[in-house]
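Peer 1: Encoded as structure tokens, here's the structure I'll be asking about.
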Amino acid sequence: MKKNSLFGSFLLLIASFIWGTAFVAQSVAMDHLGPFTFGGVRYLLSFFTVLPIAIYTSKKRSEIKITKRSAIGGTLCGVFLFAGATFQQFGILYSTVSKAGFITTLYIVIVPIISAFVFKNKVAKKTVIAVIIAVVGFYLLTMSSQFVISLGDVLLFIGSIFWALQIITIDRVVRHEDPLVLLIIEFSVTSILSFVFALLFESITISSIVNAIGPILYAGILSGGIAFSFQMFGQRTTEPVIASLIMSLESVFASLGGVILLSEVLSTKEIIGCILIFVAIILAQVKIKKKKPT
């Protein structure tokens, strides 16, 4: 059993903030680039963001050690990241950013389901309650009165399954391996796969990349390199279900970013949704002691 550290939770919270605000960058980038090209350039930047950090820290250990476990785990994470990010990008093309935030964060439900049925992990009752509260909160925060299942919504849901698989894979590998080594492998695999599909299905031009340079830099360096580094280190000391709940706050920060940066107004229903989500996060981390029988 992992020990849930406050610092680990803080790193995951910062990561969720960056990811939430990156939804806007991802949407804007689609005006200039195809999803595969965006993913290729984005995660190439993420790779070069993490690489010098890994080299610097490796000097203290005298080497960058790539084990069989880290190679397999990093590759699996890269495949899941590629699939999750790709389905998300295509989903944003055919859906709204608001729906994308909600549907993507359905991984908070998928993670414990996969963990329980595949790995036979026990899920605490309070965690189940927290997940239910979080789902209700996300619905109130992000859904309009008319919820229509579109192609974009289906793609986003498929993407959320791969995000859940990525979280679970990280959890099972990162406690034994160097997080930075895993990230280097993960980003390189994701970038290579994205560029291969971009060459097959899209037209890559320098001008289109230059036109989307702002969103690319934000998504690649901050949302990719920095936030995913925080995820790797944060998950080392945080239970996977609790980690997924904290990281699901990205849609809350996306909504707050809309209010602050785009002068959007939150309705009473949406404010209630925010409150419910924070209640769920607190509930997931509070230790409930059972009374000893007298």
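If you count the sequence shown from 1, position 229 lands on 244 in my numbering, and the numbers rise without skipping. Backbone N, C-alpha and C define an ideal beta-carbon position, used for all residues, glycine too.
(1) Between which two residues does the alpha helix (DSSP H) containing alanine 242 stretch?
(2) Could you round the C-beta distance between alanine 9 and tyrosine 233 to whole angstroms and report it? I think they count as a contact, below 8 angstroms.
(3) Following the continuous alpha helix (DSSP H) through arginine 187, name the residue where it begins and the one where it ends.
(4) With three or more beta-carbon pairs closer than 8 angstroms as the criterion, would you say the segment 50-65 touches the segment 114-125?
(5) On the criterion of 16 or more Cβ atoms from any shown chain inside 10 Å, does threonine 64 qualify as buried, or is it exposed?
(6) Measuring only the C-alpha atoms, how far is threonine 309 from isoleucine 147?
(7) What distance in whole Å lies between the Cβ atoms of valine 124 and valine 150, which are believed to be in contact at a cut-off of 8 angstroms?
(8) Would the beta-carbon of alanine 179 fall within 8 angstroms of that of valine 94?
(9) Looking at the unbroken alpha helix (DSSP H) that takes in valine 196, where does it start and where does it end?
(10) CB lysine 114 to CB aspartate 168, shorter than 8 angstroms?
(11) Grab me the residues of leucine 264's own chain with a C-beta within less than 6 angstroms of its C-beta, minus the 5 sequence neighbours each way, in chain order.
(12) Can you list, in chain order, the residues of its chain whose CB lies under 6 angstroms from that of methionine 16, leaving out five sequence neighbours each side?
(13) Roughly how many angstroms separate the alpha carbons of proline 50 and serine 175, rounded to a whole number?
(14) From glycine 272 to glutamine 250, what distance separates their C-alpha atoms?
(15) Excluding the five sequence neighbours on either side, which residues of its own chain have a C-beta within less than 6 angstroms of the C-beta of valine 188, listed in chain order?
(16) Which class does isoleucine 287 belong to by DSSP, given the choice of helix, strand or coil?
(17) So, for leucine 96: in the same chain, excluding its five sequence neighbours on each side, which residues have a beta-carbon less than 7 angstroms away from its beta-carbon?
(18) Cα separation between phenylalanine 212 and phenylalanine 53?
(19) How would you label valine 274, buried or exposed, when you count the other beta carbons within 10 angstroms and need 16 or more for buried?
(20) Mind checking whether leucine 155 and isoleucine 287 have CB atoms under 8 angstroms apart?
(21) Have a look at glycine 229 and valine 138 and give me their C-alpha separation to the nearest angstrom.
(22) Isoleucine 129 to serine 259, Cα distance in whole Å?
(23) Closest to phenylalanine 216 by CA distance: which of Thr142, Leu198, Leu48 and Leu281 is it?
(24) What residues in its chain sit with their C-beta under 7 angstroms from that of proline 255, if we drop five residues either side in the sequence?
(25) Taking the alpha carbon of isoleucine 207 as the point to measure from, which residue in Lys284, Ile33, Ser61 and Thr36 has its own alpha carbon closest?
(26) Using a 10 Å radius around the Cβ and a threshold of 16 neighbouring Cβ atoms, would you call leucine 291 buried or exposed?
(27) Using CA coordinates, which residue listed in Leu195, Ile221 and Ile297 is at the minimum distance from tyrosine 71?
Peer 2: From the atom records:
(1) Translated into the one-based positions of the sequence shown, residue 242 becomes position 227. Its alpha helix (DSSP H) spans residues 242-250.
(2) This structure cannot settle anything about residue 9, because the visible part of the chain is limited to 16 through 309.
(3) Counting from 1 along the sequence shown, the entry for residue 187 is found at position 172. Here the alpha helix (DSSP H) through arginine 187 covers 166-189.
(4) No: fewer than three Cβ pairs fall under 8 angstroms.
(5) The sequence position of residue 64 within the sequence shown is 49, counting from 1. By the neighbour-count criterion, in which 16 or more other beta carbons inside 10 Å mark a residue as buried, threonine 64 falls on the buried side.
(6) Locating residue 309 in the sequence shown gives position 294, where the first residue counts as 1. Locating residue 147 in the sequence shown gives position 132, where the first residue counts as 1. Residue placement at threonine 309 is flagged as unreliable, the pLDDT there being 49, under the threshold of 50; a coordinate-derived value is accordingly withheld.
(7) Here residue 150 refers to the residue found at position 135 when the sequence shown is read from its first residue. Here residue 124 refers to the residue found at position 109 when the sequence shown is read from its first residue. Contact annotation, valine 150 with valine 124: C-beta distance approximately 6 angstroms; criterion of less than 8 angstroms satisfied.
(8) Locating residue 179 in the sequence shown gives position 164, counting from the first residue. Locating residue 94 in the sequence shown gives position 79, counting from the first residue. It is not a contact, given that the beta carbons lie outside the stated cut-off.
(9) Counting from 1 along the sequence shown, the entry for residue 196 is found at position 181. Per DSSP, valine 196 belongs to the alpha helix (DSSP H) from 194-216.
(10) On the sequence shown, position 99 is the one that residue 114 refers to. On the sequence shown, position 153 is the one that residue 168 refers to. Yes, the pair counts as a contact, with Cβ atoms nearer than the cut-off.
(11) Position 249 of the sequence shown, counted from the start, is the residue given in the question as residue 264. These residues qualify, in order along the chain: Ser31.
(12) Counting from 1 along the sequence shown, the entry for residue 16 is found at position 1. Residue placement at methionine 16 is poorly supported in this model, since its pLDDT is 46, which falls under 50; the coordinates are not used for a value here.
(13) For the purposes of this step, residue 50 is identified with residue 35 of the sequence shown, where counting begins at 1. For the purposes of this step, residue 175 is identified with residue 160 of the sequence shown, where counting begins at 1. Taking the straight line joining both Cα atoms gives about 16 angstroms.
(14) By 1-based counting over the sequence shown, the position of residue 272 is 257. By 1-based counting over the sequence shown, the position of residue 250 is 235. Rounded to the nearest angstrom, the gap between the Cα atoms of glycine 272 and glutamine 250 is 25 angstroms.
(15) Along the sequence shown, read from residue 1 onward, the residue named residue 188 stands at position 173. Same-chain partners within the cutoff: Gly88.
(16) The count along the sequence shown starts at 1 and reaches residue 287 at position 272. Three-state result, isoleucine 287: helix.
(17) To locate residue 96, count along the sequence shown from 1; it is residue 81. In its chain, beyond the 5 residues on either side, Gln181, Glu201 and Thr205 have a beta carbon closer than 7 angstroms to the beta carbon of leucine 96.
(18) Locating residue 212 in the sequence shown gives position 197, where the first residue counts as 1. Locating residue 53 in the sequence shown gives position 38, where the first residue counts as 1. When rounded, the separation of the alpha-carbon atoms in phenylalanine 212 and phenylalanine 53 is 11 angstroms.
(19) Numbered from 1 along the sequence shown, position 259 holds the residue referred to as residue 274. Counting the other Cβ atoms within 10 Å of the Cβ of valine 274 gives fewer than 16, which makes it exposed.
(20) Locating residue 155 in the sequence shown gives position 140, counting from the first residue. Locating residue 287 in the sequence shown gives position 272, counting from the first residue. Contact check for leucine 155 against isoleucine 287 passes: the beta carbons are separated by less than 8 angstroms.
(21) Position 214 of the sequence shown holds residue 229. Position 123 of the sequence shown holds residue 138. Spanning the two alpha carbons is a distance of roughly 41 angstroms.
(22) Along the sequence shown, read from residue 1 onward, the residue named residue 129 stands at position 114. Along the sequence shown, read from residue 1 onward, the residue named residue 259 stands at position 244. Using only the alpha carbons, I get a separation of about 13 angstroms.
(23) Sequence index remark: in the sequence shown, residue 216 carries index 201 (1-based). Nearest C-alpha to phenylalanine 216: Leu48.
(24) Working through the sequence shown from its first residue, we reach residue 255 at position 240. So the qualifying residues of the chain are Val126, Ser130, Ile182, Ile183 and Asp186.
(25) In the sequence shown, counting from the first residue as 1, residue 207 sits at position 192. Comparing Cα positions, the closest option is Ser61.
(26) In the sequence shown, residue 291 corresponds to position 276, counting from 1. It is buried - the Cβ of leucine 291 has at least 16 other Cβ atoms within 10 Å.
(27) Mapped onto the sequence shown, residue 71 falls at position 56. Closest option to tyrosine 71, judged by alpha-carbon separation, among Leu195, Ile221 and Ile297: Leu195.
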